[in-house]
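Asker:
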Amino acid sequence: MATVANPNATIIAGETWELPKDRPWLAKMGRLARENPIGAVSLLVVVGFVFLGVVGASLTPYPPRELDATSQFLSPRLAHPFGTTKFGQDIFSRILAGARIDLKFGVVILFFGFFPGTALGILSGYFGRWLDYLIQRSGEAWGAFPQLFLLLTFVAAFGPGLRTVEMVVAIGALFGGSRIMRVVALVEKQKEYVIGARSTGASEFRLLWRHVLPNIMPFILVGLSSVFAAAVLVESALSFLGLGVSPGEPSWGADLSTGVGRGSTYPWLVIFPGAAISLVVLAFNLLGDTLRDILDPRLRGSTGAKR
Amino acid sequence: MLRYTLRRLSFLPIILIAVSIAVFVLLRVLPTSDIADVIGGQNATPEQKRAIREQYHLNDPIFPITFDTSVPFVGVQRNSQYSRWLFDALRGDFGKTYLSQKSVRSEFIRRFPASFEIVALSLFFSVSFGILFGILSAMYRNSPLDYFVRIFSVFGTSVPEFFLLSLLIIIPSYLWNYSAPVGGYVPIYDDPWTNLRLFLPAALIIGIGGSAGLMRLVRTTMLEVLRSDYVRTAKAKGLRQHTVVLTHALRNASTPILTAVGTAFIAVFGGSVIAERILSIDGNGLFLFQSTFSRDLPVIQFLAIYTATVVVLVNLVVDLSYAFADPRVKYS
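Here the protein sequences come in this chain order: L and P. Going letter by letter, the first sequence gives residues 1 to 307 in the numbering used here. Going letter by letter, the second sequence gives residues 1 to 332 in the numbering used here.
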């Protein structure tokens, strides 16, 4: 076949047309953002959260751990926008620094729970049989118990600390991810493109990696964002209960919990850490919903996105 | 139906034995810290610890069957910790708590009414709000009510319960000098006002927060069903709207909704632990929480069995309720 200088040019009977060029990706993103303002705002919050998680600890106006007896329980003001704690620590700085714990926690859950679970789910939906049976039955047994109960039992066994919490939540995400992806893979393997690719002699591995995986990416992205929402919720809940981070570490849940005792006199001790948790979880949930609406029209209509 | 129920119930002992073995492996086989330290305290002398180990049979093998690399590979042990626990449990004796030396069973029974009340109230709010507003939002799609329900259900799944419960304690006290009651359980038949003042706000928060997921599910399921042909037929023959929605649509949407009610129960059951902790309600959630910190093994073992029983029974009730809601479902 002759090479065409301009791939967008089509030559028919001596005439030349230009096919409309693809819009630059920035313009595409702009249009998507205008169509989904809620999604765009939540994406901004999520990006901000990830940014704070990476560099937040070095942006704090005051050292988040340092005690200062001269500035206890200051109400919100210009120098301390969110007020100060019982130990005179700046709450704003502690919230900036606290994003790191949740981000780290979420990433651990992704890599030790959700991603292996996704792989397991695809394999079990795709190949089925005893592997499928084993994974699904264990997942059901695990999921039957209240998560807090499992966490408490594991804390009794392994002692309190983020390691224990990570282990329990990662196992849950493993089974959760595998359950969703299994169904997706079951649907996907019946489709024509899989049969087509197989008939051209593609190996099973190539089929999974090059054909099935890109097609189920939307589900993985949606799952990713809900896993992060759940991770932030669980980390803060467990740190709130005193089972997560070690005392004194800047964690939103732990700060909220230490604030409750004096919260009726100094409500900012509770409101700002709680608002930080709620905002980030809300952003991940809304981002997941928006992604689902954009990427997979079949699932449309479950939330607020307009059409 | 009866045979199906009995068959399902016959699995219960097997599940409970599996759970108890799993808990034994977690708590006793994995050597994280010496239980003698837990009971005797950090300052216990080696002699005291030895006495404690002897008294609590901690030197005995954990399971009645041990595996060995030398012939004959499998050994049978008399007086293992597990068999001792199992035979006591079969007689209804779940041992004494390590710390207070009180019977686990009577401690559990004493705390049960408080936990039961908070779970029952929360579940009531969660199910009634979830189903009512889910149906209304599907019926009046894109109305202000529908938008409110959709926004609420996203917020309800995002704002954590412990934050709302903390606000419940601090906000009224900051604004109006009214301190919400904390702790001090009074049975509802003794003093309904004191009782409800403690439980109602907490149950509303856990219940309404928990209803968000249910609301969303009811809405999507009802939207699907309301589009179906039989609903159009029912409307066309002139039935009143609430007859169409309640008997024709809701009944056909009942299977996923009942599943979600079961899930809501399990969620509320877990959420009550947090509520009991924040409001210092002396229920079984707080019991489990404190025993976790003190590694009070008999308590954790018993509460694991209790939770497993509740989970199995709830799932059974949900499965059986399918048959009542949908005559096409038959168990034999």
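All C-beta atoms in this analysis are idealised placements derived from N, C-alpha and C, irrespective of residue type, glycine included.
(1) Would you check if the distance between the CB atom of M222/P and the CB atom of A249/P is smaller than 9 Å?
(2) Please list the terminal residues of the continuous alpha helix (DSSP H) segment that includes K104/L.
(3) Between T157/P and A212/P, which are expected to be in contact by the criterion C-beta below 8 Å, what is the C-beta distance as a whole number of angstroms?
(4) Taking DSSP's pairing of strands, which residues face K96/P in a bridge?
(5) I'd like the ranges of any beta strand (DSSP E) spanning at least 3 consecutive residues and lying wholly in the segment 164–244 of chain P.
(6) Below 7 Å on C-beta distance, what does A156/L contact in chain P?
(7) Taking only beta carbons into account, state which residues of the segment 198–223 of chain L come closer than 8 Å to chain P, listed in chain order.
(8) Is it buried or exposed for W252/L, if we count other Cβ within 10 angstroms and need 16 for buried?
(9) Quick test of the definition: if touching needs 3 or more C-beta pairs under 8 Å, does the segment 222–236 of chain L touch the segment 271–286 of chain L?
(10) Can A264/P and L121/P be called in contact, C-beta distance under 9 Å?
(11) Residues of the segment 134–158 of chain L with a CB closer than 8 Å to any CB of chain P: list them in chain order, please.
(12) Under 8 Å Cβ to Cβ from V168/L, same chain only, skipping five residues before and after it: list those, please.
(13) Could you spell out the range, first to last residue, of the alpha helix (DSSP H) harbouring A197/L?
(14) Excluding the five sequence neighbours on either side, which residues of its own chain have a C-beta within less than 8 Å of the C-beta of L291/L, listed in chain order?
(15) Would you verify that the beta carbon of S319/L is, or is not, closer than 9 Å to some beta carbon of chain P?
(16) When you compare only the Cα positions, how much space is there between E188/L and T118/L?
(17) Less than 9 Å between the beta carbons of P63/L and S93/L, yes or no?
(18) Taking just the CA atoms, how far does L164/P sit from V55/L?
(19) In three-state DSSP terms, what is E18/L?
(20) Distance cutoff 9 Å, beta carbons only. Does A229/L sit that close to anything in chain P?
(21) Inspect the CB distances between the segment 146–157 of chain P and the segment 201–217 of chain P and report whether three or more fall short of 8 Å.
(22) Among residues of its own chain, excluding the 5 on either side of E140/L, which ones have a beta-carbon nearer than 6 Å to its beta-carbon?
(23) Under 9 Å, Cβ to Cβ, is there at least one residue of chain P near I316/L?
(24) In chain order, what residues of the same chain lie with their CB nearer than 6 Å to the CB of F105/L, ignoring the 5 residues before and after it?
(25) Using a C-beta cutoff of 9 Å, does V311/P count as contacting chain L?
(26) Spell out a yes or no on whether the segment 188–199 of chain L and the segment 239–251 of chain L are touching, meaning 3 or more CB-CB pairs, one atom from each, closer than 8 Å.
(27) Using a cut-off of 8 Å between C-beta atoms, extract the partners of G270/P located in chain L.
(28) Find the nearest neighbour of K191/L within the set I171/L, L238/L, Y126/L and L96/L, judged by alpha-carbon distance.
(29) Throw me the rounded Cβ distance for the Q301/P and S20/P pair, which I believe falls under 8 Å.
(30) Identify the contact partners of P192/P in chain L, using a Cβ-Cβ distance below 7 Å as the criterion.
(31) Give me the Cα-Cα distance between L12/P and T309/P, rounded to the nearest whole angstrom.
(32) Cβ of N285/L less than 9 Å from any chain P Cβ?
(33) Going by C-alpha to C-alpha distance, which of I277/L, I271/L and I95/L sits closest to T60/L?
(34) Closest Cβ-Cβ distance between R8/P and chain L: below 9 Å?
(35) Distance cutoff 9 Å, beta carbons only. Does S228/P sit that close to anything in chain L?
(36) Three or more C-beta pairs closer than 8 Å, one from the segment 25–38 of chain L and one from the segment 256–274 of chain L: is that the case here?
Answerer: In short:
(1) Numbered from its first residue, the second sequence carries residue 222/P at position 222. Numbered from its first residue, the second sequence carries residue 249/P at position 249. In this structure, A249/P lies closer than 9 Å to M222/P by Cβ.
(2) Residue numbering aside, residue 104/L sits at position 104 when the first sequence is read from its first letter. Counting along the chain, the alpha helix (DSSP H) containing K104/L begins and ends at I91 to I109.
(3) Mapped onto the second sequence, residue 157/P falls at position 157. Mapped onto the second sequence, residue 212/P falls at position 212. T157/P to A212/P, Cβ: 5 Å. Contact.
(4) Position 96 of the second sequence, counted from the start, is the residue given in the question as residue 96/P. For K96/P, which the question treats as bridged, DSSP gives the partners S103/P.
(5) none
(6) Walking along the first sequence from the start, residue 156/L turns up at place 156. Simply L27, T292, R295 and I300.
(7) none
(8) As a first step, residue 252/L is located in the first sequence; it is residue number 252 there, counting from the start. So W252/L counts as buried.
(9) yes
(10) As a position in the second sequence, residue 264/P is number 264, starting the count at 1. As a position in the second sequence, residue 121/P is number 121, starting the count at 1. Cβ atoms of A264/P and L121/P: not closer than 9 Å.
(11) A144, F145, P146, Q147, L148, F149, L152, T153, F154, V155, A156, A157 and F158
(12) One-based indexing of the first sequence puts residue 168/L at position 168. Once the five neighbours on either side are set aside, the close Cβ partners of V168/L are Q147, L150, L151 and F154.
(13) Reading the first sequence from its first residue, position 197 is the one you call residue 197/L. Residues E192 to S199.
(14) To locate residue 291/L, count along the first sequence from 1; it is residue 291. G39, P218, L221, V222 and S225.
(15) With chain L covering only 1 through 307, there is no way to say anything about residue 319/L.
(16) Here residue 188/L refers to the residue found at position 188 of the first sequence. Here residue 118/L refers to the residue found at position 118 of the first sequence. Approximately 14 Å between the Cα atoms of the pair.
(17) Numbered from 1 along the first sequence, position 63 holds the residue referred to as residue 63/L. Numbered from 1 along the first sequence, position 93 holds the residue referred to as residue 93/L. Going by C-beta atoms, P63/L is nearer than 9 Å to S93/L.
(18) Your numbering for residue 55/L matches position 55 in the first sequence. Your numbering for residue 164/P matches position 164 in the second sequence. When rounded, the distance between both Cα atoms is 30 Å.
(19) Here residue 18/L corresponds to residue number 18 of the first sequence, with the count starting at 1. In the structure shown, E18/L sits in a strand (DSSP, three-state: E or B).
(20) Locating residue 229/L in the first sequence gives position 229, counting from the first residue. Judged by the 9 Å Cβ criterion, A229/L is in contact with chain P.
(21) yes
(22) Within the first sequence, residue 140/L is the residue found at index 140, counting from 1. There are no such residues.
(23) The structure shown has nothing for residue 316/L, since chain L only spans 1 to 307.
(24) Taking the first residue of the first sequence as position 1, residue 105/L is located at position 105. Around F105/L: A231 and E235.
(25) Residue mapping note: residue 311/P aligns to position 311 of the second sequence, counting from 1. It does: the Cβ of V311/P has a partner Cβ on chain L nearer than 9 Å.
(26) no
(27) The sequence position of residue 270/P within the second sequence is 270, counting from 1. By Cβ distance, chain L contributes P146, Q147, L148 and F149.
(28) Your numbering for residue 191/L matches position 191 in the first sequence. Ranking the options by Cα distance to K191/L, first place goes to Y126/L.
(29) Here residue 301/P is taken as the residue at index 301 of the second sequence, counted from 1. Here residue 20/P is taken as the residue at index 20 of the second sequence, counted from 1. Going by Cβ atoms, the distance from Q301/P to S20/P rounds to 7 Å, so yes, they are a contact pair.
(30) As a working note, residue 192/P is residue 192 in the second sequence. Per Cβ cutoff of 7 Å: no residues; P192/P is ~26 Å from chain L at best.
(31) Counting from one through the second sequence, the residue named residue 12/P turns up at place 12. Counting from one through the second sequence, the residue named residue 309/P turns up at place 309. Cα-Cα distance, rounded: 7 Å.
(32) Taking the first residue of the first sequence as position 1, residue 285/L is located at position 285. Cβ-Cβ to chain P under 9 Å: yes for N285/L.
(33) Looking up residue 60/L in the first sequence gives position 60. If we check each option's Cα against that of T60/L, I95/L comes out closest.
(34) Position 8 of the second sequence, counting from 1, holds the residue named residue 8/P. Judged by the 9 Å Cβ criterion, R8/P is not in contact with chain L.
(35) The count along the second sequence starts at 1 and reaches residue 228/P at position 228. Taking Cβ atoms only, chain L never reaches closer than 9 Å to S228/P, which makes this a no.
(36) no
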